[in-house]
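Down below is the structure, laid out as structure tokens.
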Amino acid sequence: MLPDLLLNTHRIPDWSTAILQKTHCTFLFKGPWFSNMDMLITSDPSNVHYVFSSNFSNFPKGPEFKEFFDILGNGIFNADSDLWRSQRRAAQVLLKHDSFHQFLVKTSQSILAERLIPVLDHISDGSPVDLQDVFQRFTFDSICMLVNGYSPGCLSVDFPEVEFAKALDDAEEAIFFRHIRPQSFLKLQRWLNIGKEKNIKIARRILDETISTCIHRKKEELNRKGIMSSNYHDHEEGMYENSCQSIKT
């Protein structure tokens with residue numbers, strides 16, 4: 001199946017859809033014996049419901065997943081069992097709160113008016129532009145503002161290369177290669193500090209430094225507000241740190 005995949009790298013979504021239609025929405029992808037590419041792929045709604053809802057506890061992410069995505073720390077995307085449930089409950093409380101919805105609307109309107117529209121006006125003279133890049137930058141700035149009140153300024157008329165965003169892209173690319181390369185090769189790269197493993201090491205440092213700055217800023221904000229309850233303060237800090245870790249996805 002790998003040769004067929006390589007021949008269709010320019011149309012992966014269409015190729016995957018065609019195979020799923022031929023295989024009744026579920027098929028086993030077998031990669032080379034030396035890689036980590038064996039995977040079960042399904043688009044059957046009943047299978048998706050079984051894995052993500054009715055029998056979710058039977059499908060923990062496991063240690064291999066956490067090793068591949070170690071850059072995410074102990075956030076909700078890496079957590080299992082009780083830790084995952086507690087973080088999910090905390091996230092649900094936040095996402096359902098009226099003040100969050102108001103902040104979401106305010107933030108989206110602000111970035112739309114102050115960043116997206118100026119960019120669209122700038123390219124309205126017919127200059128070529130990658131719309132996928134534009135809306136990816138819009139989404140990234142919006143998420144950063146929602147999670148930690150920090151806008152990296154990705155969406156701008158000069159389309160700057162933002163260190164934080166580039167670090168995320170480098171980490172994403174390295175994680176992808178972790179899924180298709182032998183463990184022995186990855187360990188060699190780590191030992192020699194070369195290749196994608198070197199890139200993800202650098203990306204981790206940049207991400208951690210940026211997120212630590214955001215956490216420090218949030219703690220100072222809480223202190224300025226004069227929060228007296230230490231339990232509430234600790235709870236707020238814990239939720240915020242987990243949220244900042246989760247933004248790495």
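Using the UniProt record's numbering, read the sequence shown as starting at 1 and increasing by one per residue. We put the beta carbon where it would ideally sit given N, CA and C, even for glycine. Predicted model, so just to flag it, every value in this text is computed and none were measured.
Beta strand (DSSP E) containing residue i: first to last residue?
i	result
Phe29	26-29
Quick test of your reading: residue i and residue j, contact by CB under 8 Å. State the CB separation rounded to the nearest angstrom.
i	j	result
Phe29	Met39	5 Å
Ala174	Glu209	Contact flag wrong, Cβ pair sits at about 18 Å.
Val162	Gly153	6 Å
Ile71	Gln87	Actually they do not touch by this definition, with Cβ atoms about 17 Å apart.
Phe164	Ile111	Incorrect: roughly 16 Å between the Cβ atoms, too far for contact.
Ser81	Ser108	That belief does not hold up - the Cβ atoms of Ser81 and Ser108 are roughly 34 Å apart, past 8 Å.
Could you give the DSSP three-state label for residue i: helix, strand or coil?
i	result
Thr107	helix
Met39	strand
Lys196	helix
Ala113	helix
Glu148	At residue 148 the sequence reads Asn, which differs from the Glu that was named. The answer is helix: DSSP assigns Asn148 an H, G or I state.
Met228	In this prediction, Met228 scores a pLDDT of 43, lower than 50, which makes its location untrustworthy; the coordinate-derived value is nonetheless stated afterwards. If DSSP states are grouped into helix, strand and coil, Met228 belongs with coil.
Cys154	coil
Trp191	helix
Ile247	Summary for Ile247: the model assigns pLDDT 48, below 50, so the residue's position carries little reliability; its value from the coordinates is reported in the next sentence. If DSSP states are grouped into helix, strand and coil, Ile247 belongs with coil.
Asp208	helix
Ser99	helix
Ser184	helix
residue 326	Here the chain has residues from 1 to 249 only, and residue 326 is not among them.
Asn78	coil
Pro118	helix
Asn8	coil
Val134	helix
Phe52	helix
Pro3	helix
Along the chain, where does the alpha helix (DSSP H) that runs through residue i open and close?
i	result
Lys166	163-178
Ile12	12-22
Phe59	Per DSSP, Phe59 belongs to no alpha helix (DSSP H) and is neither H nor E.
Asn47	45-49
Asp82	81-96
Comparing C-alpha positions only, which one of the options sits nearest to residue i?
i	options	result
Ala171	Trp191, Phe138, His10, Lys201	Lys201
Met37	Phe176, Lys225, Leu192, Lys187	Phe176
Lys166	Arg217, Asp82, Arg204	Arg204
Gly31	Gln102, Asp4, Asp130	Asp4
Ile41	Pro63, Gly62, Ala18	Ala18
Ser35	Glu220, Leu222, Pro182, Ser212	Pro182
Leu131	Ser212, Leu20, Phe159, Thr213	Phe159
Ser99	Val129, Ala79, Leu146	Leu146
Leu168	Thr107, Trp191, Ile211, His179	Ile211
Lys66	Arg217, Arg178, Glu220, Trp33	Arg178
Arg190	Phe68, Arg137, Lys218, His97	Phe68
Quiz item: Does the count of Cβ pairs from the stretch 177-191 and the stretch 45-60 closer than 8 Å reach three?
Solution: Verdict: no, contact absent.
Exercise. Say whether the stretch 109-121 touches the stretch 85-97, bearing in mind that this needs 3 or more beta-carbon pairs closer than 8 Å, one atom from each stretch.
Key: With the rule of 3 Cβ pairs closer than 8 Å, the stretch 109-121 does not count as touching the stretch 85-97.
Quiz item: Are at least three pairs of beta-carbons, each pair with one atom in the stretch 59-68 and one in the stretch 42-49, less than 8 Å apart?
Solution: The stretch 59-68 is not in contact with the stretch 42-49.
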